[in-house]
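Contents: one structure, followed by commentary.
Residue numbers (the numbering used here): 1 to 116.
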């Protein structure tokens, strides 16, 4: 699940199929040009759900999200499997650093926040 479509920079469009929007419970923060999700109590955080049609995509996504499965504590994001409000089992990236000084995106929708 991602906060927005547009993987053109990664050239993954032929390996991902959009299956719709969904949400998880948590808080979304503006990390200065990209969103940071913290799972847990909060508001619905909305995003796009994709079906991965090539397992090699995970390596590219992990690199893009600065997630190292061999060093999770040093990663910018942690990849986690969760259940969405629509009862889908998805993988998403949770922000891995302190958010105390970051603006809270109250509506939980990165696309709406960025377009304002």
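For glycine and all other residues, C-beta sits at the position ideal for the given N, C-alpha and C.
Helix, strand or coil: how does DSSP classify residue 63 here?
helix
Write down the C-beta distance between residue 105 and residue 30 rounded to the nearest angstrom, noting that I regard them as a contact closer than 8 Å.
6 Å
With a threshold of 16 other CB atoms inside 10 Å of the CB of residue 142, please say whether the residue is buried or exposed.
Residue numbering for the chain in the displayed model covers 1 to 116; residue 142 lies beyond these limits and cannot be assessed.
4-residue-minimum alpha helix (DSSP H) runs that sit fully inside the region 20 to 91, ordered along the chain
57 to 64
Name the residue from 94, 10, 88, 109 whose alpha carbon lies nearest to the alpha carbon of residue 80.
94
Considering only DSSP beta bridges, list what residue 16 is partnered with.
52
From what residue to what residue does the alpha helix (DSSP H) around residue 116 run?
Looking at the DSSP string, residue 116 is not in any alpha helix (DSSP H), and its letter there is neither H nor E.
At least 3 beta-carbon pairs within less than 8 Å: the region 70 to 78 vs the region 44 to 54:
no
Count the other C-beta atoms from every protein chain shown that fall within 10 angstroms of the C-beta of residue 109, then say buried if there are 16 or more, exposed otherwise.
buried
DSSP puts residue 104 in a beta bridge; with which residues?
29
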